[in-house]
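A.B. asks: Could you have a look at this structure, given as structure tokens, before my questions?
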Amino acid sequence: MDFGLGTPRATAFDAAVAALRTWQSDDAPMQLHPGDLGWYRRFGAETAAADVRTWSRDGRILAVGLLDGPDLLRVTTAPEARDDQALARRIAADLADPERGVLPAGSASVEAPAGTLHEVLGEEGWAAGEPWTPLQRDLTDPVEDAGVRIEVAGPGLAEERAAVHRAAFEGSKFSAEHWLAMAAGTAYADARCLLAYDDAGNAVAAVTVWAAGPGRPGLIEPMGVHEDHRGRGYGKAICVAGADALRGLGSSSAIVCTPSSLTGAVATYASAGFRPLPERLDRCRE
């Protein structure tokens, strides 16, 4: 079997997004989503394309990875390749060889859904890493009102959207320019950015949601509450609003994954009707 490892550029990046769309289903393990690539595009088209890896056979993409930081690869495989031992071992070999340009030598982490690749990495000496909690909300029925004013953030609200994000995530440098770069990507055609406001007109929380097409799960990435407005139910409200937006885009469910150590985040999603799923573990190499 011949596997081609590629570093997508331009249209190839969009091909990876398109492949990920078709791989999403409610009965699949939590995995890399087109919205993950869409959110990463905030760093610009060239950077985003340079940090995506694909594995192909006979011209067809069978695995997509996102180098989400210098030593973290988030990777998933096509449904028909989930139990493909040859593909899993090829990916594991590429991860072990820094000359392949997937991961550097030394300590690194891999986020992969449960399945053959995860098992092969364990056999190759990758230890169990950080636990994450996936959560899912079914969108068959209408979503309740969020209870606060919600606005869809377009270019005119990009700076306000960015300011809420910076106030929600310590150390973030997210800017209006980042938002515009993200919104210019093909993945954003199936996305919405929402802002929640308090009674005084202050933007207090934000969420970006990414659909993958009708009848497929949509992703929340990211969600945050302004540090000055926490503990007042705005996290629940913006999650409910995000679920409603995804239902409007045709999504079958809303999904999100957060570190299990962030118990407050897990509780917020649960309060908004998201059901915790079994924990998943990264694989790590010292």
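Numbering follows the UniProt record's numbering, in which position 84 of the sequence shown is assigned residue number 84; successive positions increment by one, without gaps. Ideal Cβ placement from N, Cα and C applies to all residues, glycine included.
Where does T11 land, buried or exposed, given buried means 16+ other C-beta within 10 angstroms?
C.D. replies: Counted from its first residue, the sequence shown places residue 11 at position 11. Classification of T11: exposed, given that the 10 Å Cβ count is below 16.
A.B. asks: Shortest alpha-carbon distance to A168 belongs to which of Y234, A181, E111?
C.D. replies: On the sequence shown, residue 168 is found 168 positions in, with the first residue counted as 1. Cα-wise, what sits closest to A168 is Y234.
A.B. asks: Mind reading off the beta-carbon distance from F13 to A63? Whole number of angstroms is fine, and I expect it under 8 Å.
C.D. replies: If you number the sequence shown from 1, residue 13 lands on position 13. If you number the sequence shown from 1, residue 63 lands on position 63. 15 Å between Cβ atoms; not a contact.
A.B. asks: Taking 9 Å as the threshold (C-beta atoms), are G250 and R137 in contact?
C.D. replies: To locate residue 137, count along the sequence shown from 1; it is residue 137. To locate residue 250, count along the sequence shown from 1; it is residue 250. Taking 9 Å as the Cβ cut-off, R137 and G250 do not qualify as a contacting pair.
A.B. asks: Nearest by alpha-carbon distance to L195: which of A270, A241, A128 is it?
C.D. replies: Working through the sequence shown from its first residue, we reach residue 195 at position 195. The shortest Cα separation from L195 among A270, A241, A128 belongs to A241.
A.B. asks: Using only CA atoms, which one of A254, P34, K236, E159 lies nearest to G147?
C.D. replies: The count along the sequence shown starts at 1 and reaches residue 147 at position 147. Residue K236 is the option with its Cα nearest to G147.
A.B. asks: Counting beta carbon pairs with one atom in the segment 279-286 and one in the segment 125-134, are three or more of them shorter than 8 Å?
C.D. replies: yes
A.B. asks: Pick helix, strand or coil for P217, following the three-state DSSP scheme.
C.D. replies: Position 217 of the sequence shown, counted from the start, is the residue given in the question as residue 217. Coil.
A.B. asks: Find out if the Cβ-Cβ distance for the pair V152, A245 is shorter than 9 Å.
C.D. replies: Residue mapping note: residue 152 aligns to position 152 of the sequence shown, counting from 1. Residue mapping note: residue 245 aligns to position 245 of the sequence shown, counting from 1. In contact: V152 and A245 (Cβ atoms closer than 9 Å).
A.B. asks: Any idea if M1 is buried or exposed, counting beta-carbon neighbours within 10 angstroms, 16 or more meaning buried?
C.D. replies: Here residue 1 refers to the residue found at position 1 of the sequence shown. Residue placement at M1 is poorly supported in this model, since its pLDDT is 41, which falls under 50; the coordinates still yield a value, given next. When all chains shown are included, M1 counts as exposed.
A.B. asks: Tell me whether T22 sits in a helix, a strand or coil according to DSSP, three-state version.
C.D. replies: Here residue 22 refers to the residue found at position 22 when the sequence shown is read from its first residue. In the structure shown, T22 sits in a helix (DSSP, three-state: H, G or I).
A.B. asks: What are the uninterrupted segments assigned as beta strand (DSSP E) that are 3 or more residues long and contained completely in the UniProt domain "N-acetyltransferase" (148-286), given in chain order?
C.D. replies: 149-152, 191-197, 203-210, 218-225, 253-259, 280-285
A.B. asks: Distance, Cα to Cα, L103 vs R41?
C.D. replies: Walking along the sequence shown from the start, residue 103 turns up at place 103. Walking along the sequence shown from the start, residue 41 turns up at place 41. Cα-Cα distance, rounded: 20 Å.
A.B. asks: DSSP three-state call for R137: helix, strand or coil?
C.D. replies: For the purposes of this step, residue 137 is identified with residue 137 of the sequence shown, where counting begins at 1. Note: R137 maps to strand in three-state DSSP.
A.B. asks: Would you call R100 buried or exposed, if buried means 16 or more other Cβ atoms sit within 10 Å of its Cβ?
C.D. replies: Locating residue 100 in the sequence shown gives position 100, counting from the first residue. Classification for R100: exposed.
A.B. asks: Secondary structure at V64, three-state DSSP: helix, strand or coil?
C.D. replies: Along the sequence shown, read from residue 1 onward, the residue named residue 64 stands at position 64. In this structure, V64 counts as strand in the three-state DSSP scheme.
A.B. asks: For the putative contact between E111 and R74, defined by C-beta atoms under 8 Å, what is the C-beta separation to the nearest angstrom?
C.D. replies: Start at 1 with the first residue of the sequence shown, and residue 111 comes out as number 111. Start at 1 with the first residue of the sequence shown, and residue 74 comes out as number 74. About 4 Å separates the two Cβ atoms, so the contact holds.
A.B. asks: Do you know how far the Cα of A88 is from the Cα of P259?
C.D. replies: Within the sequence shown, residue 259 is the residue found at index 259, counting from 1. Within the sequence shown, residue 88 is the residue found at index 88, counting from 1. The straight-line gap from Cα to Cα measures roughly 25 Å.
A.B. asks: Mark D94 as exposed unless 16 or more other C-beta atoms lie within 10 angstroms of its C-beta, in which case mark it buried.
C.D. replies: Numbered from 1 along the sequence shown, position 94 holds the residue referred to as residue 94. D94 comes out buried.
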